[in-house]
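**Student:**
Numbering (our numbering), first residue to last: 121 to 253.
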């Protein structure tokens, strides 16, 4: 009986560890400074001068704050409509991109949109659901 209890406990523990490792631990986003740091690291090949780095950091910080506030506002209102959420995020990203166009060269902005931005999107785990990304 004691062995059975230990085996079940071990299985339960392993299940919890696997769920958390697969991102099932609540879907928390990293803090804004970590997200901005990640973006800025990915933009290092642009070799931005200090003024442009500061401007870019500010644009991303503001965009992430606005996104987080909008998500919280919609959740607090009980709105779980993914399409509405996606539309709001697209508006915020469009505003961010207009600001980035004033900082980046045309080539840098094109590289941002085609190569860097897609790497920042959350990757969904495989499995059921079959939803569109």
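Each residue gets a CB set at the ideal place from its N, CA and C atoms; glycine is no exception. In this text the structure is predicted, and so the values were computed from the model without any measurement.
1. Using the three-state DSSP reduction, which class does residue 192 fall into: helix, strand or coil?
2. I need the straight-line Cα distance from residue 196 to residue 168, nearest angstrom please.
3. With a Cβ-Cβ cutoff of 7 angstroms, do residue 174 and residue 223 count as a contact?
4. Using the rule of at least 16 other Cβ atoms within 10 Å of the residue's Cβ for burial, across every protein chain shown, is residue 220 buried or exposed?
5. Can you name, in chain order, every residue of its own chain whose Cβ lies under 8 angstroms from the Cβ of residue 152, other than the five neighbours on each side?
6. What number of angstroms, rounded off, separates the C-alpha of residue 232 from the C-alpha of residue 157?
**Tutor:** For this structure:
1. helix
2. So the two alpha carbons sit approximately 39 angstroms from each other.
3. no
4. Buried, since its Cβ has 16 or more Cβ neighbours within 10 Å.
5. 181, 184, 185 and 188
6. Answer to the nearest angstrom: the Cα atoms are 15 angstroms apart.
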